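Per this note's numbering, residue 30 is the first one in the sequence shown, and the count goes up by one each step. A virtual CB, placed ideally from N, CA and C, is assigned to each residue, including glycine. These figures come from a predicted structure and were not determined experimentally. Data first, discussion second: the structure below is written as structure tokens.
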Amino acid sequence: MKNIHTYLFEKLKEKKPLALATIVETKGSTPQVTGASALFSLKGLLEGTLGGGLLEADAQKEAQRTLNDMAPVLSEFTLRDDISDEEGAICGGEVRILIDATPEEYRDTFRMLSQSLEQRKPGILATFINEFPKKKVSLLRFWIEKKEKSDTELEKPFSFFQAEIKRVFSECQPKLLKIRENIFPEKGINHFLFLEPVFPLPQLVIAGAGHIGQALSRLGSFLGFEVTVIDDRPEYSNTENLPDADNIVVRDIGKAVRNFPVSADTYVVIVTRGHRQDADALRQCISSDAGYIGMIGSVRKIVLMRKKFLEEGWATLRQFNRVHAPIGININSKTVEEIAVSIAAQLVQVRSQIQHRRGEEK
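Here it is in structure tokens:
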């Protein structure tokens, strides 16, 4: 899976009309959150979502209209709260959507964003929005890569918003700021700054390209992970079997796991073809900073492996106890697909817990 801005940068190379629609503000109950984005062409939706239903259909019409006018708009949509509405738009909230019909003007900005994400560096996509009379809008976009030192002074005009930018980074939530008139004093013009934190996708490393690994690769990509699959068997570890994987590594599994750059945003799933390969892969990552480590196996297998790891000094009891084994949420799964779903559900659960803890710490 790719970040929508990275996807946009790649699509810009085709030099076809594109409109990037982003929810910049919500009030009340809405089908999507601030920061949700969708990319439209003249033919329809290409990537992302604004929540589906009437809202997305109306936004698509507006996006396609802006593609004909080649001008950005800041549109407001009200979601009716009538339960008798046959179309089903009964959230009752309000949504403000920025539709940029000329993203190619900021190709360099999206290029820098993509390069930062490739290096797994987060940042903020900052968009100045100038709203003139008669709803005319102009934009300026900038990429602000997160600095190692949080107190690094930003250059103007962002120095005016140093505190807000720092807060958006710490809260990991996008925000629309109304700019004070003493900063931009032009009368009759509304000035906004939309700060959108952009983070590298969490990495899902699947050790084993068998049936479960293949099924989990599909689910992992769908659920927003950057998927890497490792296996030493080229007849399994290939693009035909793993069309949704971002990276495929054909190499000795243990060595490949050992050399993978693991971080707190790395989720390691061990589903190799045998106990020895499972143990070898686990040895290479059990003492790492991975946010999640899970291994397939029966309760008996896990008990025996724990005993072996402790006796050999390959792990401490605390390290082994953080391994999710047997892997997955207990849904009485039997088939390959059900097992993959149980693992994917646990990945989402742990990811949410990690994100929640980070928010509390900040």
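Rounded to whole angstroms, the gap between the alpha carbons of V286 and K31 is 22 Å. Three or more pairs of CB atoms, one per stretch, sit closer than 8 Å, so the segment 220-239 contacts the segment 298-305. At a cut-off of 3 residues, the continuous stretches assigned as beta strand (DSSP E) that sit fully inside the segment 33-98 are 48-56, 66-70 and 73-77. By the C-beta density criterion, F161 is exposed, having fewer than 16 other C-beta atoms within 10 angstroms.
Per the DSSP secondary-structure output, P226 pairs in a beta bridge with I153. Distance from the CA of R262 to the CA of P355, rounded to the nearest whole angstrom, comes to 24 Å. Between the alpha carbons of L84 and G122 lies a distance of about 11 Å. For E105, the secondary structure class from DSSP, reduced to helix, strand or coil, is strand. Contact between the segment 236-248 and the segment 264-273 is present, with at least three C-beta pairs closer than 8 Å. Straight across, the Cα-Cα distance linking K207 with L222 is about 7 Å.
In this structure, the CA atom of P203 is about 6 Å from the CA atom of G64.
With 16 or more neighbouring CB atoms inside 10 Å of its own CB, L47 falls in the buried class.
Counting the other CB atoms within 10 Å of its CB gives Q89 a total of 16 or more, which places it among the buried residues.
Counting only runs of 4 or more residues that sit fully inside the segment 249-335, the alpha helix (DSSP H) segments are 282-288 and 304-314, in chain order.
Distance from the CA of H220 to the CA of T51, rounded to the nearest whole angstrom, comes to 17 Å.
A direct Cα-to-Cα measurement between A100 and R170 gives close to 15 Å. The beta carbon of I372 lies closer than 7 Å to those of L245, V298, G323, I356 and G357 in the same chain, with the five residues before and after it left out. Nearest neighbour of I282 by Cα position, chosen from A310, G57, I126 and I194, turns out to be A310.
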